[in-house]
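Following: one structure in structure tokens, then a few remarks.
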Amino acid sequence: MTTNVNATGRRAVKAVIPAAGLATRFLPATKAVPKELLPVVDRPVLQYIVEEAAAAGISDVLLVTGRGKTSMVDHFDRRPDVEARLEEKGDEERLAAVRRTSELADIYTCRQGEPLGLGHAVGVAASHVGDNAFAVLLGDEFVDEAQPLLPDMLDLQARTGGIVLAFIEVDASETSRYGIASVRPSSLGENIVEVTGLVEKPSPEEAPSNLAVLGRYVLPGAIFETIAATKPGSGGEIQLTDAMAQMLADGTPVHAVIYRGHRYDTGMPLGYLQAVVQLAAKRPDLGPDFVRWLAEFVKSQQG
0 MTTNVNATGR
10 RAVKAVIPAA
20 GLATRFLPAT
30 KAVPKELLPV
40 VDRPVLQYIV
50 EEAAAAGISD
60 VLLVTGRGKT
70 SMVDHFDRRP
80 DVEARLEEKG
90 DEERLAAVRR
100 TSELADIYTC
110 RQGEPLGLGH
120 AVGVAASHVG
130 DNAFAVLLGD
140 EFVDEAQPLL
150 PDMLDLQART
160 GGIVLAFIEV
170 DASETSRYGI
180 ASVRPSSLGE
190 NIVEVTGLVE
200 KPSPEEAPSN
210 LAVLGRYVLP
220 GAIFETIAAT
230 KPGSGGEIQL
240 TDAMAQMLAD
250 GTPVHAVIYR
260 GHRYDTGMPL
270 GYLQAVVQLA
280 AKRPDLGPDF
290 VRWLAEFVKS
300 QQG
């Protein structure tokens, strides 16, 4: 049975950001501060992700949160006291930056009672999203704003319906960290492939390719029914990859954009530190002095 081709060709305008995880890799820092609010220079990770969605035309963002994470919603709220103080000081640049967080998109929230997997986290968004296509953006990675990914994904899903994924090419040794796809060529455009299979975290010997699922998805509303029927899989969790694989087996078209831009992965301490250094080095106000100091520091460590 083939399902979920958009009848109207409308582009998705809602996004879901699963952000209920415990972030154990960053303890004790994340005992009280959500990982999604750890700063990358002077913006939290989550703001980069919401900005990515807003730049792609998403106007409605649902944060799927857990216990102790209400501060994520607070970040996108107004702070009249802070704004008044900045106005008094005449600090127009910081005032604009503070106000901008509340103007990016309409921010909503719902609670995932238990961390039962990505599929389960997406499933709790059903009542907010309804039957419409929507984007899913994982809460610990984002792409370079000069090399956007989401607009192409949204446009493709409006054309093809079904599921649209994003892939990056990884080393064979890394396949056990990702969902991995088998694909065939597509006539829809450069860097677009048709997906023929998905497997969650295979060993290098069992991986069908080196194309890994990046943390961006555009999904049809019908995914919720499939998630509800999906049994726990890898790690004893309800995996989104398993639900998508079932829809693929049932005839839902699945396409993907192979992303060749720069992806920042803040899900582990090393990747987080790399993102901080890379983005700080790019800043015109910080970069020249920071890069100079960094070069001297690295040289001193090698001596």
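Per numbering that gives the first Met the number 0, the sequence shown starts with residue 0, numbered consecutively.
Backbone N, C-alpha and C fix where the C-beta goes; we use that ideal spot for every residue, glycine too.
All figures in this text were calculated on a predicted structure; none of them were measured in a lab.
Assigned exposure category for residue i - 16 Cβ within 10 Å defines buried
i: Lys13; result: buried
i: Glu205; result: exposed
i: Asp90; result: exposed
i: Asp105; result: exposed
i: His74; result: buried
i: Gly235; result: exposed
i: Leu155; result: buried
i: Thr69; result: exposed
i: Thr7; result: With a pLDDT of only 49 at Thr7, under 50, the local geometry of the prediction cannot be trusted, and the value read off the model is given with reservation. Exposed is the call here.
i: Leu176; result: At residue 176 the sequence reads Arg, which differs from the Leu that was named. With fewer than 16 other Cβ atoms within 10 Å, it is exposed.
i: Gln238; result: buried
i: Gln146; result: exposed
i: Gln111; result: buried
i: Met267; result: exposed
i: Arg262; result: buried
i: Arg215; result: buried
i: Glu308; result: The chain is shown only over 0 to 302; residue 308 falls outside these bounds and no answer can be derived.
i: Pro287; result: exposed
i: Thr1; result: Here Thr1 scores only 36 on pLDDT, less than 50, and its place in the model should not be relied on; the value that follows carries that caveat. Per the 10 Å Cβ criterion, exposed.
i: Glu304; result: Absent from the structure is residue 304, since the part of the chain shown begins at 0 and ends at 302.
i: Phe296; result: exposed
i: Thr23; result: exposed
For residue i, the residue or residues it bridges with in DSSP
i: Phe133; result: Leu218
i: Asp59; result: Lys13, Asp105
i: Leu197; result: Ala180
i: Ile162; result: Val253
i: Glu140; result: Asp264
i: Thr64; result: Arg110
CB-CB length for residue i against residue j, believed under 8 Å
i: Ala120; j: Pro17; result: 4 Å
i: Val253; j: Leu210; result: The pair is not a contact, with the Cβ atoms about 12 Å apart (cut-off 8 Å).
i: Thr225; j: Gln245; result: 5 Å
i: Val135; j: Leu21; result: With 8 Å as the limit, Val135 and Leu21 do not qualify as a contact, their Cβ atoms being about 19 Å apart.
i: Val256; j: Leu153; result: Not a contact, Cβ separation roughly 10 Å.
i: Val15; j: Val63; result: 6 Å
i: Pro203; j: Thr174; result: 5 Å
i: Gly67; j: Ala242; result: Not really, about 27 Å apart at Cβ, beyond 8 Å.
i: Val97; j: Cys109; result: Actually they are not in contact, since the Cβ atoms of Val97 and Cys109 sit about 26 Å apart, beyond 8 Å.
i: Val81; j: Leu278; result: Not really, about 23 Å apart at Cβ, beyond 8 Å.
Collapsed DSSP secondary structure at residue i in the structure displayed
i: His254; result: strand
i: Leu148; result: coil
i: Phe75; result: coil
i: Ala19; result: coil
i: Glu51; result: helix
i: Leu213; result: strand
i: Arg42; result: strand
i: Arg99; result: helix
i: Ile237; result: coil
i: Glu303; result: As shown, the chain starts at 0 and ends at 302. That puts residue 303 outside it, with no answer to give.
i: Arg110; result: strand
i: Val169; result: coil
i: Val192; result: strand
i: Ala228; result: coil
i: Leu37; result: coil
i: Thr29; result: helix
i: Asn5; result: With a pLDDT of only 46 at Asn5, under 50, the local geometry of the prediction cannot be trusted, and no value is derived from it.
i: Gly122; result: helix
i: Met0; result: Residue confidence for Met0 is low, a pLDDT of 33 falling below 50, so the modelled location carries little weight and cannot support an answer.
i: Asp284; result: coil
i: Thr69; result: coil
i: Leu247; result: helix
i: Thr93; result: Checking the sequence, you will find Arg at residue 93 rather than Thr. Note: Arg93 maps to helix in three-state DSSP.
i: Arg259; result: coil
i: Gly270; result: helix
i: Leu187; result: coil
i: Leu278; result: helix
i: Leu293; result: helix
i: Leu115; result: coil
Q) Any chance the stretch 44–51 sits against the stretch 123–140, with 3 or more Cβ pairs inside 8 Å? A) Judged by Cβ distances under 8 Å, the stretch 44–51 makes contact with the stretch 123–140, as three or more pairs qualify.
(Q) For the pair the stretch 278–288 and the stretch 53–61, tell me if three or more CB-CB distances fall below 8 Å. (A) With a cut-off of 8 Å on Cβ pairs, the stretch 278–288 is not in contact with the stretch 53–61, counting fewer than three such pairs.
Q.
Tell me whether the stretch 195–205 and the stretch 96–113 touch, counting them as touching only if at least three CB pairs, one residue from each stretch, are closer than 8 Å.
A. No, they do not touch.
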